[in-house]
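> Chains A and B, in that order, are what the protein sequence lines are.
The first sequence runs 5 to 117 under our numbering.
The second sequence runs 1036 to 1149 under our numbering.
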Amino acid sequence: SQQGEEDPQALSIQEGENATMNCSYKTSINNLQWYRQNSGRGLVHLILIRSNEREKHSGRLRVTLDTSKKSSSLLITASRAADTASYFCATKDSGAGSYQLTFGKGTKLSVIP
Amino acid sequence: DTGVSQDPRHKITKRGQNVTFRCDPISEHNRLYWYRQTLGQGPEFLTYFQNEAQLEKSRLLSDRFSAERPKGSFSTLEIQRTEQGDSAMYLCASSSSGSWNEQFFGPGTRLTVL
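1. Please list, in chain order, the residues of the segment 84-97 of chain A that have any C-beta partner in chain B closer than 8 Å.
2. Mind checking the segment 30-53 of chain A against chain B and listing, in chain order, the residues whose C-beta falls within less than 8 Å of any C-beta there?
3. What does residue 1136(B) touch in chain A if you count any residue whose Cβ is under 8 Å from its own?
4. Taking any Cβ of chain A, which residues in the segment 1056-1075 of chain B have a Cβ under 9 Å from it, in chain order?
5. Take residue 1040(B) and list the residues in its own chain whose beta-carbon comes closer than 7 Å to its own, dropping the five residues that flank it on each side.
6. For residue 84(A), does the three-state DSSP call read helix, strand or coil?
7. So does the segment 1097-1109 of chain B actually touch the segment 1122-1138 of chain B, counting three or more Cβ pairs closer than 8 Å?
8. Using a Cβ-Cβ cutoff of less than 6 Å, which residues in the same chain neighbour residue 53(A) once the five nearest sequence positions on both sides are dropped?
9. Starting from residue 108(A), find everything on chain B with Cβ-Cβ shorter than 7 Å and list it in chain order.
10. Does the CB of residue 1050(B) have a neighbour CB from chain A at under 7 Å?
11. Alpha carbon to alpha carbon, how far is residue 1114(B) from residue 1102(B)? Give it in angstroms, no decimals.
12. Could I get the ranges of all uninterrupted beta strand (DSSP E) runs contained in the segment 1064-1133 of chain B, with 3 residues as the minimum, in chain order?
13. Would you decide whether residue 12(A) is buried or exposed? Buried here means 16 or more other CB atoms lie within 10 Å of its CB.
14. Rounded to a whole number of angstroms, what is the C-alpha to C-alpha distance between residue 1037(B) and residue 1061(B)?
15. Is the Cβ-Cβ distance between residue 81(A) and residue 34(A) less than 7 Å?
16. For residue 1133(B), would you say it is in contact with chain A, using Cβ-to-Cβ distances shorter than 7 Å as the test?
17. Which runs of the beta strand (DSSP E) fall wholly inside the segment 32-76 of chain A and span at least 3 residues, in chain order?
18. Taking 7 Å as the CB-CB limit, is residue 1142(B) close to chain A?
Shown next as structure tokens:
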């Protein structure tokens, strides 16, 4: 079953603008990961943030995590046309012995040149 | 290329036929996962292997589905008596040992059941 929702479901911006996507989840987690998926392709791992971290950066990506609100956000700065893709958050539960990831439904980002 | 590979990339079959997909994980990864993704949805977990042992199975994995990882390296996912509802992208991922579980995905096998 889906863990939660990404918000918005779809986002269209001009090249050079920033894009912010949000993710909510329901359970206690060990970590949260963001993935990118180009149309009809596999998923590319972007960034992992641990439950004891609040913010993480990787290049033009900034991820925040608020475990009290069970939410995360992904910010892509200075967007490029090549950033056009679907973005998914995925959570790993904190329970021992469970290694599956639970994905949201994704945000479809369109960056207009 | 040392990434996760899957074969075939596309499979079209008629309802009632059996299909088998293969996944080759990153060579040093001992954990392997299968997910299914339908249009407009995120991936949904099917099953997980640590080495050759199948340790987790989702309720989505009906008795028509079987997965193996006989030598702890590549894995196969077989669907028997396919149904139109099985049409989806089947994704394989692998990860190394450790608690953070960063998973690396293959390109997927797109199954169409006519």
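Every residue gets a Cβ at the ideal spot worked out from N, C-alpha and C, and that includes glycine.
With the structure as the only source:
1. 92, 94, 96
2. Under the 8 Å Cβ criterion, the segment 30-53 of chain A contributes 34, 35, 37, 39, 44, 45, 46, 47, 48, 49, 52.
3. As a working note, residue 1136(B) is residue 101 in the second sequence. Simply 34, 35, 96, 103, 105.
4. Flagged, chain order: 1066, 1068, 1070, 1072, 1075.
5. Sequence index remark: in the second sequence, residue 1040(B) carries index 5 (1-based). Correct list, in chain order: 1059, 1141.
6. On the first sequence, residue 84(A) is found 80 positions in, with the first residue counted as 1. It is coil, neither helix nor strand.
7. no
8. Counted from its first residue, the first sequence places residue 53(A) at position 49. Hits under 6 Å: 36, 60, 67, 69.
9. Here the question's residue 108(A) lines up with position 104 in the first sequence. Result: 1077.
10. If you number the second sequence from 1, residue 1050(B) lands on position 15. No, because no Cβ of chain A sits closer than 7 Å to the Cβ of residue 1050(B).
11. Residue mapping note: residue 1102(B) aligns to position 67 of the second sequence, counting from 1. Residue mapping note: residue 1114(B) aligns to position 79 of the second sequence, counting from 1. Their Cα atoms are separated by approximately 9 Å.
12. Along the length of the segment 1064-1133 of chain B, whole beta strand (DSSP E) runs at least 3 residues long occupy 1066-1072, 1079-1085, 1088-1092, 1100-1103, 1110-1114, 1123-1130, reported in chain order.
13. To locate residue 12(A), count along the first sequence from 1; it is residue 8. Label assigned to residue 12(A): exposed.
14. Here residue 1037(B) is taken as the residue at index 2 of the second sequence, counted from 1. Here residue 1061(B) is taken as the residue at index 26 of the second sequence, counted from 1. Going from the Cα of residue 1037(B) to the Cα of residue 1061(B) covers about 6 Å.
15. By one-based count along the first sequence, residue 81(A) stands at place 77. By one-based count along the first sequence, residue 34(A) stands at place 30. The answer is no: Cβ separation not under 7 Å.
16. The residue labelled residue 1133(B) in the question sits at position 98 within the second sequence. No, residue 1133(B) lies away from the interface with chain A (no Cβ there is under 7 Å from its Cβ).
17. 33-41, 47-54, 59-62, 65-70
18. Numbered from 1 along the second sequence, position 107 holds the residue referred to as residue 1142(B). Answer yes: the Cβ-Cβ gap between residue 1142(B) and chain A drops below 7 Å somewhere.
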